[in-house]
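**Q** For what it's worth, the numbering used here labels the leading residue of the sequence shown as 7, then goes sequentially.
Questions regarding the structure given below will be posed in turn.
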Amino acid sequence: MSVNSKRFRYCELGLGTVLAALPAAFSVAIASQPHVHGVAEVNIIADQNLLLVELRSPADNLVGFEHKATTQAQDKRVEIAKQMLADASAQLLIDGGQCKLVDYQSDIGKLAVNGDGHDHHHQNVASQHHHGEHEHEHEHEHEHEHDDGGHADIAASYQFSCDQMAAVRSVDLLLFSSFPVIESLNVQWVAYGQQGAVTLKNGEQRVSLK
7 MSVNSKRFRY CELGLGTVLA ALPAAFSVAI ASQPHVHGVA EVNIIADQNL LLVELRSPAD
67 NLVGFEHKAT TQAQDKRVEI AKQMLADASA QLLIDGGQCK LVDYQSDIGK LAVNGDGHDH
127 HHQNVASQHH HGEHEHEHEH EHEHEHDDGG HADIAASYQF SCDQMAAVRS VDLLLFSSFP
187 VIESLNVQWV AYGQQGAVTL KNGEQRVSLK
């Protein structure tokens, strides 16, 4: 993992402004991982009072197919997965810090029959300043991402504001329970001036940040 070589590649979900403002020590490049069914990626960043968590997974892991829904049954699968992802408390448990979700985004809606690409929910008006000049650029880029060869990825991001960031000790990822097709999570994290990586297998869920 190299430092200061490029921004996190998940800026397309509107987090570019936040990540660009991070100290240089936090500007870690996430190596592009191959599209592998059963495997998903999670990136975690803790900086000042913000905790950012992003999931990137082959669509097959979440909905069982990798194209725009063509039947009512497939559309229902997308809607169920969309609701599950949007429930941050069902996907993530943060140990300490008094953290509150302030922003959630995903692109799973692009797979729906009438999907327009992005699902975006502000929990707090104060978080709106994180969306600026990068948003249009990255939305355009995302429209063309992972369409070649019938492969499609789904991304979701969760932004938390923590009253006591120094007290955040770990993040539990509950994705195996929500999406049993996922067999492993490749996790990379940056927190408290350090960085690390861990692979979680089904039955494991804790990512220690200290």
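Heads up, the beta-carbon is just placed ideally off N, CA and C, and yes, glycines get one too.
Ordered along the chain, which non-local residues of its own chain (more than five positions away) have a Cβ less than 6 Å from that of aspartate 101?
**A** Your numbering for residue 101 matches position 95 in the sequence shown. Excluding positions up to five away in sequence, the list reads Arg175 and Ser176.
**Q** My parser needs the alpha helix (DSSP H) runs of 4 or more residues fully inside the segment 55-136; what are they?
**A** Counting whole runs of 4 or more residues, the segment 55-136 contains the alpha helix (DSSP H) stretches 65-69, 78-92 and 94-97.
**Q** Helix, strand or coil: which one does DSSP assign to glutamine 166?
**A** In the sequence shown, residue 166 corresponds to position 160, counting from 1. According to the sequence provided, residue 166 is phenylalanine. The question's glutamine does not apply to it. It is a strand residue.
**Q** Return the CA-CA distance between valine 69 and alanine 46, expressed in angstroms with no decimal places.
**A** Residue 69 sits at position 63 when you count from the first residue of the sequence shown. Residue 46 sits at position 40 when you count from the first residue of the sequence shown. Going from the Cα of valine 69 to the Cα of alanine 46 covers about 13 Å.
**Q** For threonine 205, collect the residues of the same chain with a Cβ closer than 8 Å to its Cβ; drop the 5 residues on either side in sequence, then sort them by chain order.
**A** Here the question's residue 205 lines up with position 199 in the sequence shown. Within the same chain, threonine 205 has close Cβ partners Ser190, Leu191, Asn192 and Val193.
**Q** Which residue wins for smallest C-alpha separation from alanine 87, given the options Asp178, Tyr198, Ala162 and Leu57?
**A** As a position in the sequence shown, residue 87 is number 81, starting the count at 1. Ranking the options by Cα distance to alanine 87, first place goes to Ala162.
**Q** Roughly how many angstroms lie between the CA atoms of alanine 197 and alanine 52, to the nearest whole one?
**A** Residue 197 sits at position 191 when you count from the first residue of the sequence shown. Residue 52 sits at position 46 when you count from the first residue of the sequence shown. Their backbone Cα atoms lie some 5 Å apart in a straight line.
**Q** The beta strand (DSSP E) with leucine 181 in it runs from where to where?
**A** By one-based count along the sequence shown, residue 181 stands at place 175. No beta strand (DSSP E) holds leucine 181; the alpha helix (DSSP H) holding it covers 181-184.
**Q** Alanine 158 by DSSP, collapsed to three states: which one?
**A** Along the sequence shown, one-based indexing puts residue 158 at 152. Alanine 158: coil per DSSP, three-state reduction.
**Q** Just list the residues that DSSP pairs valine 45 with in beta bridges.
**A** What you label residue 45 is simply residue 39 of the sequence shown in a count that begins at 1. In the DSSP output, where bridge partners are listed per residue, valine 45 has Ser190.
**Q** Straight-line CA distance for glutamine 80 to leucine 98?
**A** Stepping through the sequence shown from its first residue, residue 80 is reached at position 74. Stepping through the sequence shown from its first residue, residue 98 is reached at position 92. Cα to Cα, the separation comes out at about 26 Å.
**Q** Can you tell me the Cα-Cα spacing of glutamine 89 and alanine 203, whole angstroms?
**A** Walking along the sequence shown from the start, residue 89 turns up at place 83. Walking along the sequence shown from the start, residue 203 turns up at place 197. So the two alpha carbons sit approximately 28 Å from each other.
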